[in-house]
Amino acid sequence: MLQEFKKFALKGNVLDLAVAVVIGAAFGKIVTSLVEDIITPTVGLLMGGINFSHLSLTVGKAAIKYGEFIQSIVDFLIIAFSIFLVVRFFNRFKKKEESAAPAVPEVDKKEELLTEIRDLLKEEKK
0 MLQEFKKFAL KGNVLDLAVA VVIGAAFGKI VTSLVEDIIT PTVGLLMGGI NFSHLSLTVG
60 KAAIKYGEFI QSIVDFLIIA FSIFLVVRFF NRFKKKEESA APAVPEVDKK EELLTEIRDL
120 LKEEKK
């Protein structure tokens, strides 16, 4: 059982997943800082400091904080748009790298067969 667990735990996919989780957590901190420290204050200035979190409706002793919900939606949209912009930037960078790499032409099967025949005929002449 221990050998089987080692085999599972040390598979490439599991290690790749572990690395992705760690990098994702670090990237999450960067995105959170970008949104909280740069984008949200900028959007707040542009929108006149609108904050919905104080809105609520009191029914009896219960307070329905629908403003918090609206604020969460606004925060989500800001975060999603920020991530979209970062991914778009990296995809453009990746496309430039891919276009810079020369494409290897594929050899047609007929051409490959003809090449083999030519090589065999050359060997027979020798």
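Numbering that gives the first Met the number 0 puts the first residue of the sequence shown at 0, with every later residue one more than the last.
All C-beta atoms in this analysis are idealised placements derived from N, C-alpha and C, irrespective of residue type, glycine included.
Cross-strand partners of residue i (DSSP beta bridge)
i          : result
residue 22 : DSSP lists no partner for residue 22.
residue 63 : 56
Beta-carbon proximity list for residue i, same chain, < 7 Å, skipping 5 on both sides
i          : result
residue 63 : 55, 56
From the options, residue whose alpha carbon lies closest to that of residue i
i          : options         : result
residue 51 : 74, 31, 21, 60  : 74
residue 39 : 115, 80, 112    : 80
residue 66 : 59, 104, 49     : 49
residue 42 : 113, 70, 88, 86 : 70
residue 53 : 17, 68, 44      : 68
Backbone secondary structure at residue i - three-state DSSP
i           : result
residue 34  : helix
residue 9   : coil
residue 58  : strand
residue 111 : helix
residue 96  : helix
residue 125 : coil
residue 105 : coil
residue 72  : helix
residue 47  : coil
Anticipated Cβ contact below 8 Å, residue i with residue j, distance rounded
i          : j          : result
residue 30 : residue 82 : 6 Å
residue 13 : residue 4  : Not a contact, Cβ separation roughly 11 Å.
residue 77 : residue 21 : Actually they do not touch by this definition, with Cβ atoms about 25 Å apart.
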